[in-house]
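Remarks on the structure that follows.
Number of protein chains: 2
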Amino acid sequence: MASRAAKPLQEFALIRGVKGQFSRHAPGLVQGIGDDAAVVETTVPIWWHFTTDLLAEGIHFDLNSAAPRSIGYRAAIANLSDLAAMGATPRYLLISLAIPKQVSQSHIYDFYKGLMTACRPYGVTLIGGDTSASKTGLFLSITLIGTTTKRRALFRHGAKVGDLIYVSGTLGDSLAGCRLLAQETSRRSFEKNRLPFSRFHRQFLIRRHLHPTARIAEGQWLNTGRLASAAIDLSDGLSGDLRHVCEESGVGAEVESDHLPLSPACRAYAKARGVSPVQLAITGGEDYELLFTVSPKLRHTLERQAKAHGYRMTYIGTIRPRRFGIQMTTQGKTQPLPQTSYEHFR
Amino acid sequence: MASRAAKPLQEFALIRGVKGQFSRHAPGLVQGIGDDAAVVETTVPIWWHFTTDLLAEGIHFDLNSAAPRSIGYRAAIANLSDLAAMGATPRYLLISLAIPKQVSQSHIYDFYKGLMTACRPYGVTLIGGDTSASKTGLFLSITLIGTTTKRRALFRHGAKVGDLIYVSGTLGDSLAGCRLLAQETSRRSFEKNRLPFSRFHRQFLIRRHLHPTARIAEGQWLNTGRLASAAIDLSDGLSGDLRHVCEESGVGAEVESDHLPLSPACRAYAKARGVSPVQLAITGGEDYELLFTVSPKLRHTLERQAKAHGYRMTYIGTIRPRRFGIQMTTQGKTQPLPQTSYEHFR
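First to last, the protein sequences are chains A and B. Sequential numbering of the first sequence, starting at 1, is according to the working numbering. Sequential numbering of the second sequence, starting at 1001, is according to the working numbering.
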């Protein structure tokens, strides 16, 4: 780790502790934590993928309501999901933290544990970072590094008129889970009201919010099989993220609301709360599913292979010319897809 | 740039503006700002170097006293200097910002301008990052990516007993410049006292503080010529940074205080203020000079080549066995080198 800031001795102890606990040898790693820079070797022609996120206390998370482990876990998933959307294999991680006095060392370790729990299934190695004091809130910056073979990656650009739009998994679960958690926190003290739907559904939605999955294997499959013409991960919600694909590809899109994949739990939640499940699916962020476009010629290949792998991939609409705009069709009626931006934490 | 956080429309406008102004094509760059990850190609065996820094308002900089352009410039130099210490060529940059409401868009552009001014001489390309709101201070995270040929880099480990210790440039200037600035700010309003030394010296020291140089060419020369057995950049001050080299190499060190390279301006400042110039040289951080160790066999080669290149490289001491500790010799008297940690901003 670079030792840029004036570091009190406990900060060096933290770096040593993190190095001891989470740093390990990995293929290609020449120098991990402990020098001016981390060093990694490439021997074959390759594409490197870099994604970075800055998370701010009070904007992306609330230390009063979320456990540090969960904050770390979800921060890692957000970055892993970016690499999933490129079809890349995650490899190395750099973590920087600005830590206020009030945050204890054990909280910081818990945060790292959450991060590494999310990364471990993919063999991601912590190779560096930075730590600093903070006079205000806790801030984290994550840089995740991945690879693909040369000339083989999924981009936001590349969607063509007539391509079919697909999403993985189900949509809106994370937003429903987030609202359930918020409601429970605020009501716990004075009433015991529960939504009139099953504990199983409740647990499913909360789990989807607190322990989302990054669709790494699905992204790699779409990439190596050359199945997708464009891809993005659903972090800001379908409405916002589809817009990015359309902008970068210079196209429009038609979403068929009846096709949006909804979990039974999300349907039950929407019914119990009297809200539209389609609305949850369109505006809900942090589902970390993949949205991608597929040439009509590849439709059968895609669906056959998805079935063989056990991946849930759902057709939700079609790429249209740019002048069409971004529209949603509901029972034959077409109207503009609402332009919303998901608020990750309130 | 990854669009992780809920981004208000002005944030997208900022990303577009930054992309338009600072993003450009570069060798090996496949995808810059505008997708889930930045993509870079490698075709030959190579070592990649990654360094990252998190800068916090009130810890590393003060928006009331420092111009955003200067903050950006110095943040870039800190990272460039890390790569200089590896002997690497800087290539790509990722910048993340958490921006409080009070900070204007033009301040943010100025910050980017400062960053890119520092990076331009080296052809570094901005390839990605993240932006977020902040409920408290301004936070920046920089990740700089560089390369060296395979199996050729400078590390902190590698110093051997008997190796000679060298530094580039002069030491303590930045700290003197920092103190001059602080004094002027606090006094300007009520008195016109100036230190009794020349305007030229004053300007030199302030310039060394506000516009430091990263020793990229010097690092590359030491690396490709296999001249240094270990290296680090002086960001925390000689005392702290020499300690890192000794720890990683498992050795001790003897510094000869008479040999420490001091600029005429730093000497004049120390005299005028009645402080020890050696103390400034040992404890002063942010000089961004290189400290490196050289086998005695290579001494003449190093000094001859340095002279030919016009690099100022000064012998300041010798690597000793670990049990010797880290000592400083002054006029025949040896005592432990004071253990200090430089405070970058007060």
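Beta carbons: idealized from backbone N, C-alpha and C, even for Gly.
In the structure shown, Arg299(A) falls within a helical segment according to DSSP collapsed to helix, strand and coil.
By the Cβ test, the region 1161-1178 of chain B is not in contact with the region 1129-1141 of chain B, since fewer than three Cβ pairs between them sit closer than 8 Å.
Under the three-state reduction of DSSP, Phe292(A) is assigned to strand. For the pair Gly169(A) and Pro261(A), the CB atoms are nearer than the 8 Å cut-off.
Leaving aside the five residues that flank Asn79(A) on each side, the residues in its chain whose CB is nearer than 7 Å to its CB run, in chain order, Thr51, Asp53, Ile142, Leu144. Taking 8 Å as the threshold, the shortest C-beta distance from His1049(B) to chain A falls below it. In this chain, the beta strand (DSSP E) harbouring Ile127(A) covers 125-134. Contact annotation: Gly1252(B) and Phe1155(B) have beta-carbon atoms that are not nearer than 8 Å. In the three-state scheme derived from DSSP, where H, G and I count as helix and E and B as strand, Ile1108(B) is classed as helix.
Looking only at Cys178(A), Tyr288(A), Gly177(A), Asp110(A), the smallest Cα-Cα distance to Ser81(A) is reached by Tyr288(A). Ranking Phe292(A), Glu57(A), Ser257(A) by CA distance to the CA of Ile282(A) puts Ser257(A) first. Neighbours of Ala153(A) across chain B, judged by C-beta separation under 7 Å: Val1039. Ala1038(B) and Ile1127(B) do touch by the CB rule: their CB atoms are close to 4 Å apart, below 8 Å. Around the beta carbon of Gln1031(B), a 10 Å sphere encloses 16 or more other beta carbons of the protein chains shown; the residue is thus reported as buried. Rounded to the nearest angstrom, the Cβ distance from Gly317(A) to Val255(A) is 4 Å, consistent with a contact under 8 Å. In the same chain as Gly172(A), and ignoring 5 residues on each side of it, the C-beta atoms closer than 6 Å to its own belong to Cys266, Leu280, Ala281, Gly284, in chain order.
For Glu1254(B), there are no neighbours in chain A by C-beta distance under 9 Å, as the nearest C-beta there is about 23 Å away. Interface with chain A (8 Å Cβ-Cβ cutoff): Ser1132(B) is included. Ala13(A) counts as exposed, since fewer than 16 other C-beta atoms from the protein chains shown sit within 10 angstroms of its C-beta. Taken through DSSP and simplified to helix, strand or coil, Lys113(A) comes out as helix.
Check the Cα spacing between Val1044(B) and each of Ala1272(B), Thr1149(B), Ala1306(B): the tightest is with Thr1149(B). For Gly1137(B), the nearest CB of chain A lies under 8 Å from its own CB, placing it at the interface with that chain. Using a 10 angstroms sphere on the CB of Thr125(A), the tally of other CB atoms reaches 16 or more, which defines it as buried. According to the DSSP assignment, Glu247(A) belongs to the alpha helix (DSSP H) that extends over 238-249.
Below the 7 Å Cβ cutoff, chain A contributes Thr42, Pro45, Ile46, Trp48 as neighbours of Thr1042(B), in chain order. Within the region 301-340 of chain A, the runs of beta strand (DSSP E) that reach at least 3 residues and sit entirely inside it are, in chain order, 313-320, 326-330, 333-336.
Pairwise C-beta distances place the region 1300-1319 of chain B in contact with the region 1212-1221 of chain B, as three or more of them are shorter than 8 Å.
Scanning chain B for C-beta atoms nearer than 8 Å to the C-beta of Lys160(A) yields nothing, as the closest lies near 17 Å away. Ile1206(B) has its alpha-carbon roughly 4 Å from the corresponding atom of Gly1177(B). The DSSP-derived three-state label of Glu1286(B) is coil.
Straight-line measurement puts the Cα of Tyr122(A) at about 45 Å from the Cα of Leu1175(B). The alpha-carbon of Pro1196(B) is positioned some 11 Å away from that of Ala1270(B). DSSP places Pro1121(B) within a helical segment (H, G or I) once states are collapsed to three.
Interface annotation for the region 26-38 of chain A against chain B: Val30, Gln31, Gly34, Asp35, Asp36, Ala37, Ala38, criterion Cβ-Cβ distance under 7 Å.
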